Amino acid sequence: MKLKAKNQRNYINRDFDGFRKDLLDYAKTYFPDKIQDFSEASMGGLLLDMAAYVGDNLSYYLDHQFHELNPLTAVESKNIETHVRNSGIKISGAAPSVVDVDFYIEVSTTTVNNKIIPDRTSIPIILKNTELLSDNGITFNLIEDIDFSETDSNGNLLSKIIPVSNSGSNPTSFILIRKGKCISGKITTETFSVGRFVPFLTVNLSNPNVSSIMSVFDSKGNQYYEVEHLGQDTVFRKIYNVNQPEYSLEIVSAPYRFVSYTSLNSRSTSITFGSGNEMSLEDENIPDPSLLAIPLYGKSTFSTYSQDPLQLLNSRTLGISPENTNLFITYRYGGGSNHNVAPRKINTISSLEIKFPDSADPQKSLNIRGSIAVRNEQEAQGGSPSPTVDEIKSYIPIARSSQNRVVSKEDLLSRIYTLPNEFGRIFRAQLAPNPNNLLSSALYIVSRNANNKLVQCSDILKKNISVYINEFRLIGDSIDVLDVAIINYRVFISVVAKLGVNKQNLQIELIDRISKITKIENYQIGQPINESDFISEILSVSGVLSLVSISFESVYGTIINSKYTDYFVEMENRHVNGNYFANPNEIFECRFPEIDISVEVI
Numbered sequence: 016m017k018l019k020a021k022n023q024r025n026y027i028n029r030d031f032d033g034f035r036k037d038l039l040d041y042a043k044t045y046f047p048d049k050i051q052d053f054s055e056a057s058m059g060g061l062l063l064d065m066a067a068y069v070g071d072n073l074s075y076y077l078d079h080q081f082h083e084l085n086p087l088t089a090v091e092s093k094n095i096e097t098h099v100r101n102s103g104i105k106i107s108g109a110a111p112s113v114v115d116v117d118f119y120i121e122v123s124t125t126t127v128n129n130k131i132i133p134d135r136t137s138i139p140i141i142l143k144n145t146e147l148l149s150d151n152g153i154t155f156n157l158i159e160d161i162d163f164s165e166t167d168s169n170g171n172l173l174s175k176i177i178p179v180s181n182s183g184s185n186p187t188s189f190i191l192i193r194k195g196k197c198i199s200g201k202i203t204t205e206t207f208s209v210g211r212f213v214p215f216l217t218v219n220l221s222n223p224n225v226s227s228i229m230s231v232f233d234s235k236g237n238q239y240y241e242v243e244h245l246g247q248d249t250v251f252r253k254i255y256n257v258n259q260p261e262y263s264l265e266i267v268s269a270p271y272r273f274v275s276y277t278s279l280n281s282r283s284t285s286i287t288f289g290s291g292n293e294m295s296l297e298d299e300n301i302p303d304p305s306l307l308a309i310p311l312y313g314k315s316t317f318s319t320y321s322q323d324p325l326q327l328l329n330s331r332t333l334g335i336s337p338e339n340t341n342l343f344i345t346y347r348y349g350g351g352s353n354h355n356v357a358p359r360k361i362n363t364i365s366s367l368e369i370k371f372p373d374s375a376d377p378q379k380s381l382n383i384r385g386s387i388a389v390r391n392e393q394e395a396q397g398g399s400p401s402p403t404v405d406e407i408k409s410y411i412p413i414a415r416s417s418q419n420r421v422v423s424k425e426d427l428l429s430r431i432y433t434l435p436n437e438f439g440r441i442f443r444a445q446l447a448p449n450p451n452n453l454l455s456s457a458l459y460i461v462s463r464n465a466n467n468k469l470v471q472c473s474d475i476l477k478k479n480i481s482v483y484i485n486e487f488r489l490i491g492d493s494i495d496v497l498d499v500a501i502i503n504y505r506v507f508i509s510v511v512a513k514l515g516v517n518k519q520n521l522q523i524e525l526i527d528r529i530s531k532i533t534k535i536e537n538y539q540i541g542q543p544i545n546e547s548d549f550i551s552e553i554l555s556v557s558g559v560l561s562l563v564s565i566s567f568e569s570v571y572g573t574i575i576n577s578k579y580t581d582y583f584v585e586m587e588n589r590h591v592n593g594n595y596f597a598n599p600n601e602i603f604e605c606r607f608p609e610i611d612i613s614v615e616v617i
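Here you go:
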């Protein structure tokens, strides 16, 4: 048997020159009697150039399309947005901030058993969605009712009570103070007129950076619920228990439902409804769990059986699309770092929603309404600009490997970093063993203020995170949400300049180079300072002859009107083998690079 010689093919060359060379070798080898002139001015050269040009273009677009399949190498925004949505990540705009605001009311007195106490007959409830205004024009909304008449188990008012007296004798009135949770952003309602039936009807909201869709109703009185996907036909609803001061959850059927999407480029939000119409609406009750029981079918034995718990939420339809009606969509929008307003900057009530008891005295109610004042004692936190495309892309690998529950460390961090805007946003998070409780883990978190400086998270933000992750954690997991210790530091550098180099310009360039290294975006919780990164950057500057010394120093308190954190460490005790190490609950921050980076040029 005679074996035919195999022709060797090379598919590695992917550029124009490579294609042309291979084509030329191929033509000379297999067609030497057909054409011999392959110079640039000949017909053979023209054919080679055209074939190589086509191959080069096909190769380029093949490479481009191949890279677009990978979310980390994709560059087209439309493809990136598709990858993000397929991984289950919600694209978000600028995040609002959250803050506890003190509400003050002044009430008259009454005498009971010879004791002067606040008159409770006219004490009001300040309703949610009351609008407040900060000094820099940021709108905040109360997100829960404040009942000043609420009492504890002993019948005492939960409000903080301050007596007011003109002459220092018996009080003439009382100031009642209660805290209310407020979130920044404006609330608006848009109306959309809907005509004939359209499957998967989509409407676009006019304002970008939507943080929360609060309600969707149509003129027929139907309420539409937001779901994760249109196949989900039930939702959890929070119900207030009248007998006990707490909320309970119940499952309700959601034949009228929608999903929301945010554009990666414009950060505008669109709402998509289902594909069914009211005429084909079936009576969708909660599925019977017995229908999903282990299928014995009369058998005495059975093999391993996989069951998806989400089957209880699966639907036979994809929801109802509105038709011949008007849609009323109420939502909150707006956010950013400038929403992290400083303490005592929220002082104005721009729109008051209040409810008095039916038996309240009209004059007393009028006086109380005129006495209401607000003030935030803490800085608003959680506001941040829209995450960049690179930041969103970095969440994709973690989101793809996670489940709809928190099992691993990566699952937890993915949940934390994709926290809905309504809860606020943290800057860095780290999970570590809890040194004080071996049965739990410690989640260390840190936020940023309006000036992009690290600050410890407020109690309300930590509570929001605790409530959020509680819905996803395993039943036996225990997670403590704790603050990060912020280590502010300074850098002292001394270098020798080359002959003839302008020392002042060299100093400016060095400070600029080091400022880029010390950017807080480059640091994680527990990450050490690598001394060699600084040394390498310094010696790469063309005007530097040699590095004399470099040292780091912890700084704290207030120095020349510059406010640092109060946490101090001895940096030399952290210096090991060219690294300044941080504990798992610490993070390094060069707070004011313009003054914290000192460069001496000799």
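Per the numbering used here, the sequence shown starts with residue 16, numbered consecutively. The beta-carbon is built from N, C-alpha and C at its ideal position, and this holds for glycine as well. These numbers come from a predicted model, not from an experiment.
Residue burial annotation: PRO47 is exposed, with fewer than 16 other C-beta atoms found within 10 angstroms of its C-beta.
The continuous alpha helix (DSSP H) containing ILE529 extends over residues 518-532.
The residue from GLU121, ASN353, VAL591 with its alpha-carbon nearest to that of SER188 is GLU121. Counted as a single uninterrupted DSSP element, the alpha helix (DSSP H) harbouring MET65 occupies residues 58-83. In chain order, GLU568, VAL570, ASP611 place their CB closer than 6 Å to the CB of ARG505, counting only its own chain and leaving out the 5 sequence neighbours on each side.
Each of ASN151, ILE190, GLN378 was checked against the Cα of SER164, and the nearest Cα belongs to ILE190. Taking the Cα of THR217 as reference, the smallest distance to any Cα among THR206, MET229, SER275, VAL225 is reached at SER275. A direct Cα-Cα distance of roughly 53 Å separates THR533 from SER208. DSSP, read as helix, strand or coil, puts ASP426 in helix.
Residue nearest to PRO400 within the set ASN292, PRO448, ALA110 is ALA110 (criterion: CA-CA distance). Annotation for GLN378: the continuous alpha helix (DSSP H) segment containing it runs 377-386. Counting every other CB atom within 10 Å of its CB across the protein chains shown gives SER493 a total below 16, marking it as exposed.
Per the coordinates, the alpha-carbon of ARG390 lies some 23 Å from the alpha-carbon of ASN467.
For LYS175, the secondary structure class from DSSP, reduced to helix, strand or coil, is strand.
Sequence-distant Cβ neighbours of GLY60 in its own chain, meaning closer than 7 Å and more than five residues away, are PHE53, SER54. Contact between VAL113 and LYS196 holds: their C-beta atoms lie close to 7 Å from each other, under 8 Å.
Cβ-Cβ distances below 6 Å link ASP233 to PRO337, THR340, LEU342 in the same chain, with the five nearest sequence neighbours on each side left out; the list follows chain order. Inter-residue distance for GLY398 and SER268 is about 34 Å (C-alpha atoms, whole angstroms). With respect to PRO599, ILE540 sits close: the two C-beta atoms are nearer than 9 Å.
Contiguous alpha helix (DSSP H) elements confined to the segment 433-462 do not occur, taking only those with 4 or more residues.
Residue pairing by DSSP places HIS590 opposite TYR595 in a beta bridge. Between the alpha carbons of PHE596 and HIS590 lies a distance of about 7 Å. Excluding five sequence positions before and after ASN94, the CB atoms of its chain that fall closer than 7 Å to its own CB belong to GLU83, given in chain order. Between the alpha carbons of ILE131 and LEU381 lies a distance of about 22 Å. Closest in C-alpha terms to THR363, from the list LEU157, PHE583, GLY515, comes LEU157.
Bridge pairing for THR217: THR287 [DSSP]. Contact between SER137 and ASN219 is absent: CB atoms are separated by about 46 Å, not below the 8 Å threshold. Annotation for SER551: the continuous alpha helix (DSSP H) segment containing it runs 546-554. Under the DSSP definition of a beta bridge, ALA110 partners with SER399. DSSP, read as helix, strand or coil, puts SER577 in strand. DSSP, reduced to helix, strand and coil, places THR97 within a helical segment of the structure shown. PRO608 sits in a helix when the DSSP states are folded into three classes. The continuous beta strand (DSSP E) containing GLY195 extends over residues 188-199.
With a threshold of 16 other beta carbon atoms within 10 Å, ASP248 meets it and is buried.
For ASP492, there is no enclosing beta strand (DSSP E), since its DSSP letter is neither H nor E.
For LYS36, the uninterrupted alpha helix (DSSP H) segment begins and ends at 31-45.
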